[in-house]
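Scroll down for the structure; my scribbles are underneath it.
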Ligand code: N2P
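Numbering (mature numbering (1 follows the signal peptide of the UniProt record, and there is no 0)), first residue to last: -25 to -1, 1 to 321.
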C-alpha cells in the first residue's frame, strides 16, 4: 500500500468513527413537560431551551384525572408534571412519582414556607408548590343584575344556556354537595346520590362542561355564569371590567398545584433543572403575572402585579376558613367516577 492510500484509509476510518458521534451531538436532549392549560407565559420555554441547549415538548391537560389516566396508561414520555394536592397524594400511593433531589433545586429556598410540608406530601419528598388558587363563579355583572353570592345561582332556570360548569368530577359534584349540606370529600353514597340528582336536574341549563377556555365564553357574552378556577376568571376580568369573580357564601375549594417528576421520566436530571429554572423569582413572577394564579414563591411576591396581589387580599381569614382542599378518597373514588360518567352520558 502506498503512502497516499494509507492516509486515505486512516482518514476514512476516522471519518466513519466520528460520524455517529457528530450525529449524537447534533441531536438535542428533549424535555417533555405536561402542564395545565394556560399555566405558563410565552417566554419561559424558549428561554430554558436556549439556556440549556435542549428541546422542550410542551403539552397541556385540563384535569387531574386526565393526567392520572395518561400516566396509568403507561405513558413514559413525561419528565415534569403539575398535579394538584390530592392528586400528588394519589400518585405517591400508586408509586408514580420520583423522590425529588432538592440539592438540584437550590431555588426551592425561595418558596413560601406556608405552602410547604402539606399533608398530601409531608416534607415535600415528591413535590414542590407552583401555584395556589380557588374555585368560584365568574360572572357578567352587566347581564346578571341580582347579587351573585350563592352557588344556587348556577341552578336558576332564568339563566338557561348561559351557565358553564367545570368539566371536573370533584369540583362539579362538590358544588352540589355544598348545596345538599354534604362534604366535598364525602364517601357517603346517599349524599352523593343527592348531589347526582341535583347535577342531572341542572344539566339542561348548562351550556357546556368545560375545564379550559370557559373564560372565552364569558368574554364573548355567550356565557354569563362560569364555575371555574380563580386565575382564569381574573384574566378575563382584566380584559373586561364587567366580569367579576366571587367565592359563594357556602364556601368552596382551594388548590395547590405542584411540580413533580414521574418515576417513568426519561430525563430526570433535566427535569430537576427545569423546576429550578421556573423557581427563579423573576421567572416565577413573570409566569404568575401572566396566568393570574397566585405564586407560592416568597421572593417573587414583590414582583407580582399589584392587581394580582390584591386578589390575595380578598381572601379574608373568614373566607379562607370556608375553603377546603379536595382530598383523596381512596377506593371510594370509583363511586364518584361512576356517577360522573352517568351524568356526562345521560
Ligand atoms: C387553569 C389551571 C387551573 C389549575 N388554566 C387548577 N388546578
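Cβ atoms here follow ideal geometry from the backbone N, Cα and C, with glycine treated the same way.
Q: Using DSSP bridges, identify the partner residues of residue 235.
A: The sequence position of residue 235 within the chain shown is 260, counting from 1. For residue 235, which the question treats as bridged, DSSP gives the partners 56.
Q: Might you give, ordered along the chain, the residues of its own chain that have their beta carbon closer than 7 Å to the beta carbon of residue 206, omitting 5 neighbours on each side?
A: As a working mapping, residue 206 is identified with position 231 in the chain shown. Cβ within range, chain order: 108, 266, 267 and 268.
Q. Where DSSP assigns a beta bridge to residue 113, which residues make up the other side?
A. Counted from its first residue, the chain shown places residue 113 at position 138. Paired residue(s): 201 and 220.
Q: Take residue 166 and list the residues in its own chain whose beta-carbon comes closer than 7 Å to its own, dropping the five residues that flank it on each side.
A: Within the chain shown, the letter at position 191 stands for residue 166. Excluding positions up to five away in sequence, the list reads 152, 155 and 157.
Q. Helix, strand or coil: which one does DSSP assign to residue 50?
A. As a position in the chain shown, residue 50 is number 75, starting the count at 1. In the structure shown, residue 50 adopts coil according to DSSP, grouped into three states.
(Q) Within a Cβ cutoff of 7 Å, which residues of the same chain sit near residue 294, ignoring the five residues on either side of it in sequence? (A) As a working note, residue 294 is residue 319 in the chain shown. Excluding the 5 residues flanking it on each side, residue 294 has same chain C-beta neighbours closer than 7 Å at 222, in chain order.
Q.
Closest to residue 188 by C-alpha separation, out of 181, 179, 180 and 203, would be which residue?
A. One-based indexing of the chain shown puts residue 188 at position 213. Of the candidates 181, 179, 180 and 203, the one whose C-alpha sits nearest the C-alpha of residue 188 is 203.
Q: To the nearest angstrom, report how far apart residue 256 and residue 12 are at their CA atoms.
A: In the chain shown, counting from the first residue as 1, residue 256 sits at position 281. In the chain shown, counting from the first residue as 1, residue 12 sits at position 37. If you take the alpha carbons of residue 256 and residue 12, they lie about 22 Å apart.
Q: Return the residue from the list 70, 62, 289 and 56 that minimises the CA-CA distance to residue 250.
A: Within the chain shown, the letter at position 275 stands for residue 250. The residue with the shortest Cα to Cα distance from residue 250 is 56.
**Q.** Classification of residue 26 by the beta-carbon crowding that lies within 10 angstroms, buried from 16 upward
**A.** For the purposes of this step, residue 26 is taken as the residue at position 51 of the chain shown. By the neighbour-count rule (16 or more Cβ atoms within 10 Å), residue 26 is not buried but exposed.
Q: Count the other CB atoms, across all protein chains shown, that sit within 10 Å of the CB of residue 143; report buried if there are 16 or more and exposed otherwise.
A: The count along the chain shown starts at 1 and reaches residue 143 at position 168. Label assigned to residue 143: buried.
Q: Return helix, strand or coil for residue 240, following the three-state DSSP convention.
A: Numbered from its first residue, the chain shown carries residue 240 at position 265. Coil at residue 240, not helix or strand.
Q) Quick one: what's got a C-beta closer than 7 Å to residue 274's C-beta in the same chain, skipping five residues either side? A) Translated into the one-based positions of the chain shown, residue 274 becomes position 299. Contacts found: 85 and 256.
Q. Mind checking residue 193: buried by the 16 CB within 10 Å criterion, or exposed?
A. Here residue 193 refers to the residue found at position 218 of the chain shown. Classification for residue 193: buried.
Q) Where do the N-terminal and C-terminal ends of the beta strand (DSSP E) with residue 73 fall, by residue? A) Numbered from its first residue, the chain shown carries residue 73 at position 98. Where residue 73 is concerned, there is no enclosing beta strand (DSSP E), given that its DSSP letter is neither H nor E.
Q) With 16 other CB atoms within 10 Å as the buried threshold, where does residue 319 fall? A) Here residue 319 refers to the residue found at position 344 of the chain shown. That one is exposed.
Q: Determine the burial state of residue 240: buried for a count of at least 16 other Cβ atoms within 10 Å of its Cβ, exposed for fewer.
A: Position 265 of the chain shown, counted from the start, is the residue given in the question as residue 240. Result: buried.
Q | Option in 314, 252 and 278 with minimal Cα separation from residue 81 | A | Taking the first residue of the chain shown as position 1, residue 81 is located at position 106. Considering only alpha carbons, the answer is 252.
Q.
Please report the straight-line C-alpha distance between residue 303 and residue 209, rounded to a whole angstrom.
A. Looking up residue 303 in the chain shown gives position 328. Looking up residue 209 in the chain shown gives position 234. Their backbone Cα atoms lie some 28 Å apart in a straight line.
Q: Using the DSSP secondary-structure output, state which residues sit across from residue 299 in a beta bridge.
A: Residue mapping note: residue 299 aligns to position 324 of the chain shown, counting from 1. 228.
Q | Delimiting residues of the alpha helix (DSSP H) encompassing residue 152 | A | Reading the chain shown from its first residue, position 177 is the one you call residue 152. It spans 144 to 154 - the alpha helix (DSSP H) in which residue 152 sits, taken as one unbroken run.
Q) Going by the CB atoms, is the gap between residue 224 and residue 125 shorter than 8 Å? A) Position 150 of the chain shown holds residue 125. Position 249 of the chain shown holds residue 224. In this structure, residue 224 lies closer than 8 Å to residue 125 by Cβ.
**Q.** Residue range of the beta strand (DSSP E) that includes residue 6
**A.** Here residue 6 corresponds to residue number 31 of the chain shown, with the count starting at 1. It spans 4 to 11 - the beta strand (DSSP E) in which residue 6 sits, taken as one unbroken run.
Q: Look at the alpha carbon of residue 317 and the alpha carbon of residue 149, and state the distance between them as a whole number of angstroms.
A: Along the chain shown, one-based indexing puts residue 317 at 342. Along the chain shown, one-based indexing puts residue 149 at 174. When rounded, the separation of the alpha-carbon atoms in residue 317 and residue 149 is 16 Å.
Q: List the endpoints of the continuous beta strand (DSSP E) containing residue 279.
A: Residue 279 sits at position 304 when you count from the first residue of the chain shown. Careful: residue 279 lies outside any beta strand (DSSP E) and carries neither H nor E.
Q. What residues match up with residue 104 in a beta bridge as DSSP calls it?
A. Locating residue 104 in the chain shown gives position 129, where the first residue counts as 1. Note: residue 104 sits in a beta bridge opposite 233.
Q. Is residue 232 near the ligand N2P, judged by its Cβ being under 7 Å from some heavy atom?
A. Sequence index remark: in the chain shown, residue 232 carries index 257 (1-based). Yes, the ligand N2P has a heavy atom inside 7 Å of this Cβ.
Q: Rounded to whole angstroms, what's the CA-CA distance from residue 42 to residue 70? Just pull it up for me.
A: Within the chain shown, the letter at position 67 stands for residue 42. Within the chain shown, the letter at position 95 stands for residue 70. Those two C-alpha atoms are separated by around 15 Å.
Q) Quick one: is the Cβ of residue 59 within less than 7 Å of any heavy atom of the ligand N2P? A) On the chain shown, position 84 is the one that residue 59 refers to. Yes, the beta carbon of residue 59 sits closer than 7 Å to at least one heavy atom of the ligand N2P.
Q: With hydrogens ignored, establish whether the beta-carbon of residue 14 is closer than 7 Å to any heavy atom of the ligand N2P.
A: By one-based count along the chain shown, residue 14 stands at place 39. Residue 14: yes, Cβ under 7 Å from the ligand N2P.
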